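So the sequence shown is numbered by our numbering: it starts at 1 and just counts up by one.
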Amino acid sequence: MKAVLLKSKSICVEDIPTPVPAEGEALLKVIKAGICNTDLELVKGYMDFEGILGHEFIGRVIESPKKEWMGRRVVGEINIPCGSCETCSESDPKHCPSRKVLGIHQKDGVFAEFVTIPMENLLALPSIVSDREAVFVEPLAAAIAILDQVQVDQKDEVLVLGDGKLGLLVAQVMQTHSANIFCVGHHPRKLILLQKRGIQTTQSVQEWDRKFDLVVEATGTSEGIEEALCFVKPKGKIIAKSTFHGLAKIDFSALVVNEIQLIGSRCGSFIKALEFLKKESLELEEMVDADYPLLDAERAFDRAKDPEVIKVLLTP
């Protein structure tokens, strides 16, 4: 099969053997996959990963130990826990210390014609969700995870820092809980998507001259947390969403003196994301800027690096 491999901080498309499902796994034909900022950071050296990239996808089951799954259109949770440790049995399996993460850590990803996934990670897609919408289930789940970590009320003023793929999704999700959503970004064509929904946007947060109850940092940069600290109210909350290669500076004294809660936030529930897609209307199709054949992965990655671009897909 064809696959996009990351080797020594560069990507290439190669012919490799089709994976063979282990016990309890399904073999999927990948239908579409999305390039996200984490993939771009992995190329820079984040997580020291080498192998097949990709974790946002939709696929079709072509081999399964459960025959009723054959032929189903599916998405898959990206965390693969061991299932037997204390964390798995008593806490949150996505924090299993021995976990593998699809296309990120010790598990080949979905930028390929075929991929193997544990059956317990699969969720069948409802017919009302299109292929292009389904590619957003993983980042949408990450956006919705914020609502499991903090309570957001109608009166809360929420600032989203970043107008990338995740920032745009976070702003839309937060709007279902608060009437006061603000987003700061650097790209007018991206911010227009939110303006159409009545979300206030700017390219310079200073023009609002205010502080916020909740700041969601989704800049994808090492400077994002410092910026968030400048605009959160005393006793407010910061949700940190960015993952990047490198270290961030932070004014720890400001965090302590103003009694700010800083909360890391990673993956979310695919079940909740699919339920959300059934009930809410989001600007997902409009967020897709390009769809490249898998063989053109290098061009697709170059396009995805463009800060004006929102979402780039790969189709095997």
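Every residue gets a Cβ at the ideal spot worked out from N, C-alpha and C, and that includes glycine.
On a predicted model such as this, the values are computed, not experimentally measured, just so you know.
Selection from the options that minimises the alpha carbon distance to residue i
| i | options | result |
| --- | --- | --- |
| Asp289 | Leu27, Leu277 and Ala300 | Ala300 |
| Lys305 | Leu6, Val4, Ala3 and Cys36 | Cys36 |
| Val173 | Leu193, Ala254 and Ile146 | Ile146 |
| Leu166 | Glu113, Asn121, Leu282 and Ile104 | Leu282 |
| Leu314 | Asp291, Asp302 and Arg303 | Asp291 |
| Gly34 | Glu23, Lys44, Phe136 and Val43 | Phe136 |
| Asn258 | Phe270, Pro234 and Ala248 | Pro234 |
| Val152 | Leu27, Ser178 and Gly246 | Ser178 |
| Glu285 | Leu193, Ile80 and Ile225 | Leu193 |
| Val309 | Ala112, Lys67 and Gly185 | Gly185 |
| Leu382 | Glu207, Ser253, Thr243 and Leu247 | Nothing can be reported for residue 382, as the shown portion of the chain is limited to 1 through 316. |
| Thr367 | Leu122, Gly164 and Asp108 | Outside the shown range of the chain (1 to 316) lies residue 367, about which nothing can therefore be said. |
| Pro316 | Asp15, Lys7, Ser8 and Met119 | Asp15 |
| Gln203 | Glu90, Gly162, Phe212 and Gln175 | Gly162 |
| Met119 | Ala142, Pro81, His95 and Phe276 | Pro81 |
| Glu113 | Lys311, Leu159, Val312 and Leu295 | Leu295 |
| Arg303 | Asp39, Lys2, Ser91 and Arg60 | Asp39 |
| Gly71 | Gly59, Glu77, Asn79 and Ile78 | Gly59 |
| Arg197 | Lys44, Cys183 and Val205 | Cys183 |
| Val160 | Lys278, Ser242, Phe111 and Val13 | Ser242 |
| Glu63 | Lys107, Ile117 and Gln195 | Ile117 |
| Ser8 | Met1, Lys2 and Lys44 | Lys44 |
| Met1 | His95, Leu191 and Phe111 | Phe111 |
| Thr176 | Lys107, Glu280, Phe212 and Lys67 | Glu280 |
| Ile260 | Cys12, Phe212 and Phe276 | Phe212 |
For residue j and residue i, the rounded distance between their alpha carbons
| i | j | result |
| --- | --- | --- |
| Val75 | Gln154 | 32 Å |
| Lys29 | Arg189 | 34 Å |
| Lys32 | Glu133 | 10 Å |
| Arg99 | Ala297 | 28 Å |
| Pro139 | Gly103 | 14 Å |
| Phe49 | Leu122 | 23 Å |
| Val20 | Val115 | 9 Å |
| Pro97 | Ile52 | 22 Å |
| Glu223 | Leu274 | 32 Å |
| Thr219 | Val170 | 12 Å |
| His105 | Leu42 | 10 Å |
| Trp208 | Val256 | 25 Å |
| Leu17 | Arg210 | For the record, residue 17 in the displayed sequence is Pro; it is not Leu. C-alpha separation (whole angstroms): 56 Å. |
| Val4 | Asp131 | 21 Å |
| Gly83 | Pro93 | 7 Å |
| Glu86 | Glu23 | 22 Å |
| Pro307 | His55 | 21 Å |
| Trp69 | Ala26 | 9 Å |
| Val158 | Cys88 | 33 Å |
| Tyr46 | His245 | 5 Å |
| Gly109 | Phe57 | 9 Å |
| Gln206 | Val232 | 13 Å |
| Pro293 | Ala240 | 33 Å |
| Gln195 | Thr201 | 7 Å |
| Ile61 | Phe276 | What sits at residue 61 in the sequence shown is Val, not Ile. Taking the straight line from one Cα to the other gives about 24 Å. |
| Glu90 | Phe270 | 20 Å |
| Pro65 | Arg73 | 16 Å |
| Leu247 | Lys67 | 47 Å |
Beta-ladder partner(s) of residue i, from DSSP
| i | result |
| --- | --- |
| Glu63 | Leu27 |
| Asp289 | Note: Asp289 sits in no beta bridge, so no partner. |
| Cys12 | Leu5 |
| Thr243 | Looking at the DSSP assignment, Thr243 forms no beta bridge with any residue, so it has no partner. |
| Ala33 | Phe57 and Leu314 |
| Arg73 | Arg60 |
| Leu102 | Lys107 |
| Ile238 | Val215 and Leu262 |
| Gly51 | Leu6 |
| Val80 | It should be pointed out that residue 80 corresponds to Ile in this sequence rather than to Val. DSSP output for Ile80 lists Lys100 as bridge partner(s). |
| Val232 | Phe212 |
Closer than 6 Å: residue i CB and nearest the ligand SAH heavy atom
| i | result |
| --- | --- |
| Thr38 | For the structure depicted, the ligand SAH is absent and the ligand set is empty, with no information on it obtainable. |
Rounded distance between the beta-carbons of residue j and residue i, thought under 8 Å
| i | j | result |
| --- | --- | --- |
| Lys237 | Ile263 | 6 Å |
| Glu226 | Lys249 | 6 Å |
| Ser10 | Gln149 | Actually they are not in contact, since the Cβ atoms of Ser10 and Gln149 sit about 36 Å apart, beyond 8 Å. |
| Ile144 | Lys272 | 5 Å |
| Ala142 | Gly268 | 5 Å |
| Met287 | Leu168 | 6 Å |
| Asp101 | Ile128 | Residue 101 is actually Val in this sequence, not Asp. Actually they are not in contact, since the Cβ atoms of Val101 and Ile128 sit about 29 Å apart, beyond 8 Å. |
| Lys311 | Pro126 | About 21 Å separates the two Cβ atoms, so there is no contact after all. |
### Task
Pick out the complete beta strand (DSSP E) segments inside the stretch 157 to 226, 3 residues or longer, and give them in chain order.
Here the runs fully enclosed are 157 to 161, 180 to 184, 200 to 202 and 212 to 217.
### Query
Which runs of the alpha helix (DSSP H) spanning at least 4 residues fall entirely within the stretch 247 to 310, listed in chain order?
Correct list: 252 to 257, 270 to 279 and 297 to 304.
### Query
Can you give, in chain order, each stretch of the beta strand (DSSP E) that sits fully within the stretch 110 to 143 and has at least 3 residues?
Residue ranges of uninterrupted beta strand (DSSP E) with 3 or more members, entirely inside the stretch 110 to 143 and ordered along the chain, are 114 to 118 and 122 to 124.
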